[in-house]
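Novice: In the working numbering, the protein residues as written are 141 to 489. Glycine included, C-beta positions come from ideal geometry on N, C-alpha and C. Keep in mind it's a predicted model, so treat the numbers as computed, not measured. One structure coming up, written as structure tokens, with questions to follow.
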Amino acid sequence: MRIGVVFHKNPFAPPTGIDLVRLRAIAGGLIRRGFSVDVIAPVHEAGLIDRFIPVKPLNVLGEGRRYDLIKTSYHFSIRLIDAYTGPVVSRIVRVVDHEAPQRDEPFREDLLSCQEMIRRRASVLVLNNRENEERWRRFYGPKPPVLFVPNGCPSEIPEPGLDPYGTQRPAALFLGSVAAARMARVLNEAAVLLRGRATIHLVGLNKSRMYGGDGSCRLSRLIVDHGETSHNRVWDYIHYAQAGIALATGPHPFDNDISKIFDYLRGGLPVVSEEGILQNHLIERTGFGRIFAYDNVEELVSGVLEILERPPIESKEQVMSFMAREHSWERRLEQYVALFQALGGGVSR
Numbered sequence: 141m142r143i144g145v146v147f148h149k150n151p152f153a154p155p156t157g158i159d160l161v162r163l164r165a166i167a168g169g170l171i172r173r174g175f176s177v178d179v180i181a182p183v184h185e186a187g188l189i190d191r192f193i194p195v196k197p198l199n200v201l202g203e204g205r206r207y208d209l210i211k212t213s214y215h216f217s218i219r220l221i222d223a224y225t226g227p228v229v230s231r232i233v234r235v236v237d238h239e240a241p242q243r244d245e246p247f248r249e250d251l252l253s254c255q256e257m258i259r260r261r262a263s264v265l266v267l268n269n270r271e272n273e274e275r276w277r278r279f280y281g282p283k284p285p286v287l288f289v290p291n292g293c294p295s296e297i298p299e300p301g302l303d304p305y306g307t308q309r310p311a312a313l314f315l316g317s318v319a320a321a322r323m324a325r326v327l328n329e330a331a332v333l334l335r336g337r338a339t340i341h342l343v344g345l346n347k348s349r350m351y352g353g354d355g356s357c358r359l360s361r362l363i364v365d366h367g368e369t370s371h372n373r374v375w376d377y378i379h380y381a382q383a384g385i386a387l388a389t390g391p392h393p394f395d396n397d398i399s400k401i402f403d404y405l406r407g408g409l410p411v412v413s414e415e416g417i418l419q420n421h422l423i424e425r426t427g428f429g430r431i432f433a434y435d436n437v438e439e440l441v442s443g444v445l446e447i448l449e450r451p452p453i454e455s456k457e458q459v460m461s462f463m464a465r466e467h468s469w470e471r472r473l474e475q476y477v478a479l480f481q482a483l484g485g486g487v488s489r
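Following this line, the structure appears as structure tokens:
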């Protein structure tokens with residue numbers, strides 16, 4: 141089976157965010173299982189990522205039925221496939237409506253337009269969770285059928301390298317994007333309350349202004365901003381931290397699918413997570429962390445301090461093994477393989 145995975149950004153960029161991590165994990169995993177896969181993106185020249193995943197420019201979509209099936213990766217990917225007429229599997233992260241999430245206001249009309257295109261064009265819609273399926277059915281009706289493929293984590297992770305924190309300890313890690321103004325405020329307030337007892341470290345980007353924030357979204361100087369780093373280096377930050385922090389982007393659970401919890405737990409880092417995050421069931425299942433009330437910074441700080449005082453060391457290896465076994469990208473891939481074979485009828489090399 142020949143599959144084109146359409147991605148609307150530069151796939152050659154280093155895999156620092158979940159979008160590129162997931163792209164490489166899914167495309168690479170399909171190739172390893174015998175599928176013929178190209179990543180199709182707005183690039184000028186063909187090339188390879190990870191030395192074995194082909195990347196092709198968008199014009200290949202106009203070359204007749206070169207692909208048996210197209211998978212789009214995010215909302216905006218659907219706009220790139222006009223020249224293709226075969227089956228389409230579309231994946232989106234969250235279903236936007238005319239009011240929520242509030243942080244999507246700058247892009248709302250574009251996102252709604254993409255959702256309408258997906259409704260008309262997709263053979264199957266892939267979502268991370270049932271909360272967003274409920275929203276899709278409410279706004280768009282029974283079609284297309286939905287498949288759930290959550291985010292995941294690697295089954296194998298690198299051996300620890302150098303400690304990235306130095307003397308700035310204990311370290312509470314916030315991994316990923318600060319994607320809302322409220323998140324920046326909560327981190328700033330927590331940094332003040334933790335001063336002298338723990339330091340908050342950001343590994344990622346502060347994108348809060350992108351989502352309608354203003355100058356008040358600046359991060360406190362008490363927070364150590366490491367910026368983006370390579371995916372392999374991320375595991376050093378996880379390994380040497382004492383606690384991971386997960387914040388909801390807003391008050392609605394459908395908008396709080398927080399992928400960093402998979403990596404925290406896979407790396408054996410206990411998590412202090414905010415109510416309303418859909419992955420909190422993993423913390424409840426493993427007992428490896430604390431859940432604090434929405435927007436309650438004092439409870440967040442108490443959770444971090446409790447983990448510092450009584451780290452759950454005895455269950456660390458068990459949690460890491462559970463995540464590798466039950467929530468790896470390889471497990472997620474099984475769902476795609478079954479879907480693609482049902483839509484296309486087999487595998488061709």
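(1) Just reading off the alpha helix (DSSP H) that Lys456 is part of, what are its end residues?
(2) Looking at chain B, is there any beta carbon in it that lies within less than 7 angstroms of the beta carbon of Val146?
(3) Just mark Val437 as buried or exposed, buried being the case when its beta carbon has 16 or more other beta carbons within 10 Å.
(4) Along the chain, where does the beta strand (DSSP E) that runs through Ser176 open and close?
(5) Check whether the Cβ atoms of Ala386 and Glu415 lie closer than 7 angstroms to each other.
(6) Below 8 angstroms on the Cβ atoms is my contact criterion, and I expect Gln419 with Leu287 to pass it. Report the Cβ-Cβ distance as a whole number of Å.
(7) Please state the DSSP three-state secondary structure of His341.
(8) When you compare the segment 226 to 236 with the segment 304 to 316, are there three or more beta-carbon pairs, one atom per stretch, that lie closer than 8 angstroms?
(9) Evaluate Pro298 with the Cβ neighbour count: other Cβ atoms within 10 Å of its Cβ, from every protein chain shown; 16 or more gives buried, anything less gives exposed.
(10) Are the beta-carbon atoms belonging to Gly95 and His379 less than 7 angstroms from one another?
(11) Tell whether a beta-carbon distance below 7 angstroms holds between Gly429 and Pro451.
(12) Can you list, in chain order, the residues of its chain whose CB lies under 7 angstroms from that of Gly486, leaving out five sequence neighbours each side?
(13) Would you say Leu265 and His215 are within 7 angstroms of each other, going by their C-beta atoms?
(14) Determine the direct distance from the alpha carbon of Ala320 to that of Glu329, and round the result to whole angstroms.
(15) Using alpha carbons as the reference points, say which of Ser348, Gly336 and Ala331 lies closest to Leu362.
(16) Give me the DSSP bridge partner(s) of Ala381.
(17) Examine the Cβ distances between the segment 476 to 484 and the segment 154 to 173 and report whether three or more of them are shorter than 8 angstroms.
(18) Using CA atoms only, rank isn't needed, just tell me which of Pro285, Arg337 and Ile258 is closest to Thr307.
(19) As a quick exercise: from Ala181, Trp375, Pro285 and Leu327, pick the residue whose alpha carbon is nearest that of Cys357.
(20) Hey, out of Glu256, His371 and Val289, whose CA is closest to His238's CA?
(21) Pick helix, strand or coil for Phe428, following the three-state DSSP scheme.
(22) What ranges does the beta strand (DSSP E) occupy inside the segment 217 to 268, keeping only unbroken runs of at least 3 residues that lie completely in it?
(23) Going along the chain, which unbroken runs of the alpha helix (DSSP H) with 4 or more residues stay wholly within the segment 404 to 451?
(24) Just to confirm before moving on: does the CB-CB distance between Gln382 and Leu333 stay below 7 angstroms?
(25) For the alpha helix (DSSP H) that contains Ala186, what are its first and last residues?
(26) Write down the C-beta distance between Val228 and Ser263 rounded to the nearest angstrom, noting that I regard them as a contact closer than 8 angstroms.
(27) Report yes if the CB atom of Asp208 is closer than 7 angstroms to the CB atom of Pro194, and no otherwise.
(28) Please list, in chain order, all residues of the same chain as Pro284 whose beta carbon is under 7 angstroms from its beta carbon, the five residues on each side excluded.
(29) Measuring straight from C-alpha to C-alpha, what distance separates Gln242 and Gly390?
(30) Would you mind giving the Cβ-Cβ distance between Gly316 and His467, rounded to the nearest angstrom? I have them listed as a contact below 8 angstroms.
(31) What's the gap between the Cα of Pro182 and the Cα of Tyr224?
(32) Taking only the alpha-carbon atoms, compute the straight-line gap between Ser230 and Tyr404 and give it to the nearest angstrom.
(33) Asn269 and Asp397 - do their beta-carbons sit closer together than 7 angstroms?
(34) So, helix, strand or coil for Gly281, using DSSP?
(35) Comparing the CB of Pro290 with every heavy atom of the ligand MN, is any distance shorter than 6 angstroms?
Specialist: In this structure, then:
(1) Lys456 to Glu466
(2) In the structure shown, chain B cannot be found, because there is only a single protein chain.
(3) buried
(4) Ser176 to Ala181
(5) no
(6) Between Leu287 and Gln419 the Cβ distance is about 19 angstroms, and since that is not below 8 angstroms, they are no contact.
(7) strand
(8) no
(9) exposed
(10) Nothing in the structure corresponds to residue 95, since the chain is present only between 141 and 489.
(11) no
(12) A caution first: Gly486 carries a pLDDT of 44, below 50, which makes its placement in the model unreliable, though a value can still be read off. So the qualifying residues of the chain are Met141.
(13) no
(14) 15 angstroms
(15) Ala331
(16) The partner list for Ala381 (beta bridge, DSSP) is empty, contrary to what the question assumes.
(17) yes
(18) Arg337
(19) Leu327
(20) Glu256
(21) coil
(22) 228 to 231 and 264 to 267
(23) 420 to 426 and 437 to 449
(24) no
(25) Run containing Ala186: none; DSSP gives neither H nor E here.
(26) 6 angstroms
(27) no
(28) Ala262, Ser263, Val264 and Leu265
(29) 8 angstroms
(30) Not quite, the Cβ-Cβ distance comes to about 17 angstroms (not below 8 angstroms), so this is no contact.
(31) 15 angstroms
(32) 28 angstroms
(33) yes
(34) coil
(35) No copy of the ligand MN appears in this structure; indeed no ligand is present at all.
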